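Only one structure is covered here, and it is reproduced in the block below.
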Amino acid sequence: MFQVTRSAGLLSALALTLAPSLCRAQQTPPAPGQADRAVLQEGTPGPAHKRIFWIIPNYRTYPSLADYKPITAREKFKIAFDDAFDRGTFVEAALFAGEGQLTKATPTFGQGVAGYSRYLGASFADFAIGDYMTEAIYPAVLHQDPRYFRRGTGSGWSRLKYSVGQIFWTRSDSGKGQFNYSEVAGNATASAISCAYYPDNRDAASAGGKLAIQIGLDTMGNILKEFWPDVARKIAPKAQK
């Protein structure tokens with residue numbers, strides 16, 4: 389996971405670039421009677437929003453917390469499967485593998501085609517194991533909801549704080565708010581497992597660093613999930629022209 393450090397910085401830069409521009413103005417809430425339609429159009433990960441920037445998988449974003457309904461364990465595993473095996477995940481894994489090889493993040497993997505294949509396998513394992521731990525296994529066992537619930541309205545700063553808060557605060561299947569054990573424990577477990585296939589980083593400090601990086605990446609991911617529909621609406625007319 390250490391080979392994604394620069395990628396974490398890239399995601400941070402993206403989030404910081406997007407958020408301030410959206411924070412300057414208040415978003416006007418939809419008129420009565422139009423709220424539900426607006427939320428569904430903007431927040432549902434359909435053809436327009438199932439990938440952020442057309443690469444990053446976005447299957448666990450949900451339009452809002454209004455009329456909350458829990459999902460089954462099977463649905464949680466479906467979300468994890470879609471995120472883990474989306475084509476965008478393979479693209480990300482390939483990019484991170486290339487970066488890892490260029491920076492020699494794990495010297496034991498070596499260079500050349502054989503070395504790259506090891507980096508690629510490890511990078512994909514990071515994504516897949518992390519997705520299943522935080523979106524399926526722990527949420528199913530702890531009866532927590534792995535979805536990201538968009539706010540969609542209010543000032544940009546309030547939405548920014550809201551998106552970061554969902555890293556540490558989530559919903560139980562009963563609808564009550566509680567600490568997001570699935571996020572923290574799931575990523576901690578994924579970091580511990582990664583020690584098995586990263587031979588150069590098998591100590592407590594490395595595992596702690598991996599956990600911090602992954603939570604940071606997930607935080608940036610939440611920010612992008614919150615603001616991506618706004619960005620997509622601004623990009624679409626320009627793309628059509």
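First residue of the sequence shown: 389, per our numbering; consecutive thereafter. The beta carbon of each residue, even a glycine, is placed where N, CA and C say it ideally should be. Treat the numbers as computed from the prediction; the structure is a model and nothing was measured.
Apply the 10 Å Cβ neighbour rule to residue i and answer buried if 16 or more other Cβ atoms are within range, or exposed otherwise.
i, result
"residue 554", "buried"
"residue 481", "buried"
"residue 495", "exposed"
"residue 584", "exposed"
"residue 623", "exposed"
"residue 587", "exposed"
"residue 616", "buried"
"residue 449", "buried"
"residue 477", "buried"
"residue 548", "buried"
"residue 633", "The question about residue 633 has no answer, for the chain in this structure spans 389 to 629."
"residue 462", "exposed"
"residue 590", "exposed"
Using beta carbons (cut-off 8 angstroms, strictly below), is residue i in contact with chain B?
i, result
"residue 574", "Here there is only one protein chain, and chain B is not present."
Any chance the CB of residue i is under 7 angstroms from a heavy atom of the ligand MN?
i, result
"residue 498", "The ligand content of the structure shown is nil, which means the ligand MN is not present either."
Check residue i in the structure and name its three-state DSSP category.
i, result
"residue 558", "strand"
"residue 448", "coil"
"residue 492", "coil"
"residue 443", "coil"
"residue 392", "Since pLDDT at residue 392 reaches only 41, below the 50 mark, its modelled position is unreliable, and no value is offered."
How far does the alpha helix (DSSP H) with residue i in it extend, from its first residue to its last?
i, result
"residue 515", "500-520"
"residue 544", "544-553"
"residue 585", "No alpha helix (DSSP H) contains residue 585, which DSSP labels as neither H nor E."
"residue 528", "526-530"
Along the chain, where does the beta strand (DSSP E) that runs through residue i open and close?
i, result
"residue 565", "565-567"
Distance, Cα to Cα, residue i vs residue j?
i, j, result
"residue 559", "residue 464", "13 angstroms"
"residue 499", "residue 603", "29 angstroms"
"residue 546", "residue 515", "29 angstroms"
"residue 606", "residue 562", "24 angstroms"
"residue 596", "residue 579", "8 angstroms"
"residue 517", "residue 487", "20 angstroms"
"residue 442", "residue 485", "20 angstroms"
"residue 570", "residue 521", "7 angstroms"
"residue 475", "residue 446", "12 angstroms"
"residue 492", "residue 454", "47 angstroms"
Give the list of continuous alpha helix (DSSP H) stretches no shorter than 4 residues that lie fully inside the segment 458-486.
Annotation: the segment 458-486 contains the following complete segments of the alpha helix (DSSP H) (minimum length 4 residues), in chain order: 461-472.
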